[in-house]
DNA sequence: CAGCCCCTTGACAACGTTGTCCACCCCTCC
DNA sequence: GGAGGGGTGGACAACGTTGTCAAGGGGCTG
């Protein structure tokens with residue numbers, strides 16, 4: 330900028346004014362400055378600007394894994410809103426490790442992001458206290474913060490969706506419905522299990538619950554265990570997209586009644602079509618990002634807790650009757 | 330930092346030394362400083378650090394769309410390498426718009442990213458000249474830069490893969506093979522078309538080529554057009570994952586011989602399993618990122634042009650014989 | 001005991017930008 | 001013709017950090 334100023338024969342500040350479109354510069358001077366800028370290929374140093382102004386126009390996003398379609402969709406929606414507001418997105422995947430989540434958040438904070446959207450992996454977020462006190466708005470998405478922290482949160486109706494899934498299967502005559510899902514340490518898994526259990530009421534049987542990792546081997550083993558029971562399940566409820574896919578693969582085209590949590594591409598093309606309880610990841614991302622920007626604009630109301638509805642999409646797999 | 334210094338009763342520089350783990354600080358002093366840091370909840374201001382040191386420890390990534398599984402996979406791999414090197418990732422989706430691509434790159438440059446990985450949307454990258462001259466390393470992935478720019482590039486063997494697909498279909502008796510793919514303005518589409526055409530040789534018939542957007546409606550219309558020909562195709566070659574999915578959906582479980590470019594989840598569970606030419610997006614991301622960091626470490630050899638092999642995975646759909 | 005060296009610490013400038021404040025010029029109006 | 005005012009332009013400090021250089025103090029050696 331100094332070079333531009335001397336090249337254009339003006340003061341530093343005048344260049345700054347032109348670059349920022351501030352008023353009070355003679356058109357001819359501005360033109361001379363712009364020419365110098367083009368000639369020298371100058372581009373403003375954002376770091377210095379940030380240092381001086383205190384705002385980075387950067388938002389941090391911590392998700393579990395970009396390669397998971399759910400989070401990729403959420404990510405894209407957040408990105409769109411962020412760009413719309415003239416900001417940039419720093420993002421990172423925690424890989425479901427609390428330590429990594431914290432590292433990412435702290436690195437983002439060291440870079441003085443203006444706001445954070447976090448899909449937490451851990452359940453202790455006291456480390457955020459300082460940042461929150463410093464005024465950085467934080468929005469939790471998909472999962473709530475750990476105990477003792479009350480901040481904006483956008484969740485899906487996990488329990489309600491699980492209930493819908495179970496009810497739907499029961500409508501089609503099923504009474505023995507198994508649940509395959511994540512460790513209940515993960516909020517969404519716990520909530521879906523809760524909804525499943527509540528809807529089943531007296532029919533609940535904990536032997537029908539499987540909470541092992543969604544790897545092909547463990548899912549295959551768990552299905553073998555379930556079907557070997559004296560009173561085996563006639564239907565399956567899978568707790569998220571990964572379990573649904575792993576289960577379908579383990580079933581190897583065997584026709585078993587099934588509802589999965591999370592929609593996925595091609596669910597309609599399988600035979601039978603896979604009935605799912607669908608969330609809308611883009612919607613969740615958009616809502617979270619917009620809430621964040623509302624905070625950045627100064628909205629200081631009490632923390633909001635938004636619950637997005639989910640939707641049962643019948644496609645055939647849930648409508649298979651139980652074997653006689 | 331100033332506050333920490335006065336709280337600990339030391340000079341600014343001593344705090345800086347402790348924060349950066351520089352040697353030459355008495356353990357007791359360091360401990361006192363650390364205590365003050367904890368008590369005040371201090372966290373280093375990266376912007377100031379960047380301003381002073383000139384390196385941002387940030388890499389910029391421009392892709393087409395995070396929500397596309399191919400780019401999500403690539404993104405994740407890049408992120409992993411970047412984090413491993415102690416850097417952060419700024420990423421943005423161009424949405425296949427050259428203007429947006431340029432905006433993203435320029436914004437990243439204004440933030441003084443240390444390096445860039447770009448999946449280009451446009452074919453004019455002269456705007457990068459200045460940045461390259463300034464020494465910022467840039468790696469192009471998935472698609473090469475526009476004319477007149479020779480920089481590191483990581484591509485897949487698009488033409489070769491298309492050739493493999495066609496050859497495989499011909500082995501199973503097909504002679505009339507249609508191609509559904511993107512606008513050939515997109516490098517990968519053009520290359521795949523080239524490979525398809527070369528492999529077909531004299532059998533090539535341009536009426537069997539469709540290059541309309543991969544929306545459900547246009548794909549349905551194009552399939553109708555193709556099958557209404559006097560001499561309709563007996564097999565389909567789809568130019569990327571989106572076309573494959575759109576085509577399968579438009580076919581509505583009609584069994585037509587098909588090979589798709591790009592692997593996708595559940596391809597094996599459809600009936601018949603979908604044979605594909607698979608790329609490895611993680612591999613591409615990893616290779617591109619590692620090449621970038623090699624440049625950052627000072628490797629200044631001539632620009633590299635890496636071509637990653639692709640792999641035909643037969644699953645059944647390509648092995649359907651032509652109707653008699 | 002003097003001299004030297006190492007260990008530890010501190011003062012200061014600089015990175016590139018922007019906000020504040022002031023100076024100048026020319027025009028208009030009294 | 002002088003005073004006031006709007007429109008321009010510039011000088012300077014400050015943002016928070018780090019690299020450079022130098023100073024003080026204590027132990028070791030001759």
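Protein chains in written order, with my numbering: chain A, 330 to 653; chain B, 330 to 653.
By construction, the Cβ of each residue, glycine as well, lies at the ideal position given by its N, Cα and C atoms.
Delimiting residues of the beta strand (DSSP E) encompassing residue i
{"i": "residue 484/B", "result": "481-485"}
{"i": "residue 508/B", "result": "506-509"}
{"i": "residue 586/B", "result": "586-590"}
{"i": "residue 395/B", "result": "It is not in any beta strand (DSSP E) - residue 395/B carries neither H nor E in the DSSP assignment."}
{"i": "residue 546/A", "result": "Taken as a continuous stretch (DSSP letters only), residue 546/A belongs to no beta strand (DSSP E), being part of the alpha helix (DSSP H) at 545-556."}
{"i": "residue 605/B", "result": "604-607"}
{"i": "residue 421/B", "result": "417-422"}
Cutoff 8 Å; reference residue i; Cβ partners in own chain excluding five residues on either side
{"i": "residue 336/B", "result": "365, 368, 369"}
{"i": "residue 518/A", "result": "510, 511, 512, 540, 568, 569"}
{"i": "residue 430/A", "result": "391, 423, 447, 449, 450, 451"}
{"i": "residue 586/A", "result": "498, 501, 503, 563, 564, 565, 646, 647, 648, 649, 650, 651"}
{"i": "residue 613/A", "result": "403, 406, 470, 471, 483, 485, 637"}
{"i": "residue 622/A", "result": "410, 414, 444"}
{"i": "residue 579/B", "result": "545, 548, 549, 552"}
Cβ distance (whole Å) where residue i is taken to contact residue j below 8 Å
{"i": "residue 521/A", "j": "residue 596/A", "result": "That belief does not hold up - the Cβ atoms of residue 521/A and residue 596/A are roughly 18 Å apart, past 8 Å."}
{"i": "residue 498/B", "j": "residue 647/B", "result": "6 Å"}
{"i": "residue 537/B", "j": "residue 584/B", "result": "Going by Cβ atoms, the distance from residue 537/B to residue 584/B rounds to 19 Å, so no, they are not a contact pair."}
{"i": "residue 347/B", "j": "residue 363/B", "result": "7 Å"}
{"i": "residue 398/A", "j": "residue 398/B", "result": "6 Å"}
{"i": "residue 358/A", "j": "residue 333/A", "result": "Their Cβ separation, rounded to whole angstroms, is 12 Å, which puts residue 358/A and residue 333/A out of contact at 8 Å."}
{"i": "residue 389/B", "j": "residue 442/B", "result": "4 Å"}
{"i": "residue 610/A", "j": "residue 403/A", "result": "4 Å"}
{"i": "residue 386/B", "j": "residue 415/B", "result": "6 Å"}
{"i": "residue 379/B", "j": "residue 376/A", "result": "4 Å"}
Neighbourhood of residue i by C-beta, 7 Å cutoff - its chain only, sequence neighbours within 5 removed
{"i": "residue 408/B", "result": "418"}
{"i": "residue 638/B", "result": "486"}
{"i": "residue 425/B", "result": "393, 450"}
{"i": "residue 602/A", "result": "596, 644, 645, 646"}
{"i": "residue 496/B", "result": "528"}
{"i": "residue 558/B", "result": "536"}
{"i": "residue 625/B", "result": "443, 444, 466"}
Within chain A, the residues that residue i reaches when beta carbons sit closer than 7 Å
{"i": "residue 436/B", "result": "417"}
{"i": "residue 600/B", "result": "600"}
{"i": "residue 578/B", "result": "598"}
{"i": "residue 604/B", "result": "The premise fails here: residue 604/B is roughly 15 Å from chain A at the closest Cβ pair, so nothing lies under 7 Å."}
{"i": "residue 459/B", "result": "370"}
{"i": "residue 404/B", "result": "395"}
Amino acids of chain B, ordered along the chain, whose beta-carbon sits closer than 7 Å to that of residue i
{"i": "residue 377/A", "result": "380"}
{"i": "residue 660/A", "result": "Outside the displayed span of chain A (330 to 653) sits residue 660/A, for which this structure offers no information."}
{"i": "residue 690/A", "result": "No information on residue 690/A is available, as it lies outside the stretch 330 to 653 that chain A covers here."}
{"i": "residue 392/A", "result": "Correct list: empty, because the minimum Cβ distance to chain B is about 10 Å."}
Closer than 8 Å at the beta carbon, the chain B residues around residue i
{"i": "residue 385/A", "result": "376"}
{"i": "residue 446/A", "result": "Here the premise fails: no neighbours, minimum Cβ distance about 14 Å."}
{"i": "residue 412/A", "result": "421"}
Opening and closing residue of the alpha helix (DSSP H) in which residue i lies
{"i": "residue 648/A", "result": "Note, residue 648/A: premise wrong, no alpha helix (DSSP H); not H, not E."}
{"i": "residue 459/B", "result": "458-462"}
{"i": "residue 439/B", "result": "427-439"}
{"i": "residue 380/B", "result": "375-382"}
Beta-carbon contacts of residue i that lie in its chain and below 6 Å, excluding the five residues immediately before and after
{"i": "residue 532/A", "result": "504"}
{"i": "residue 452/B", "result": "475"}
{"i": "residue 640/A", "result": "607"}
{"i": "residue 427/A", "result": "450, 451"}
{"i": "residue 581/B", "result": "none"}
{"i": "residue 478/A", "result": "454"}
{"i": "residue 604/A", "result": "588, 643, 644, 646, 647"}
Proximal residues of chain B, C-beta to C-beta of residue i below 9 Å
{"i": "residue 408/A", "result": "395, 420, 421, 422"}
{"i": "residue 655/A", "result": "Look at the range of chain A in this structure, 330 to 653, and you will see that residue 655/A is not part of it."}
Cross-chain neighbours of residue i in chain A, by beta carbon under 9 Å
{"i": "residue 313/B", "result": "Outside the modelled stretch of chain B, which goes from 330 to 653, sits residue 313/B, for which no answer is possible."}
Three-pair Cβ contact test at 8 Å for the segment 520-527 of chain B versus the segment 487-494 of chain B: Contact holds: three or more Cβ-Cβ distances are below 8 Å.
Indicate whether the contact test is met: 3 or more Cβ pairs, each with one atom in the segment 434-444 of chain B and one in the segment 455-462 of chain B, closer than 8 Å. By the Cβ criterion, the segment 434-444 of chain B is in contact with the segment 455-462 of chain B, since at least three pairs of Cβ atoms, one from each stretch, lie closer than 8 Å.
Three Cβ pairs or more, each shorter than 8 Å: is that satisfied between the segment 552-569 of chain A and the segment 501-519 of chain A? Touching, yes.
Below 8 Å, how does it come out for the segment 549-560 of chain B and the segment 512-519 of chain B: are there three or more Cβ pairs, yes or no? Contact between the segment 549-560 of chain B and the segment 512-519 of chain B is not established, with fewer than three Cβ pairs separated by less than 8 Å.
Three or more C-beta pairs under 8 Å: does that hold for the segment 617-625 of chain B against the segment 466-476 of chain B? Output reads yes: the segment 466-476 of chain B touches the segment 617-625 of chain B.
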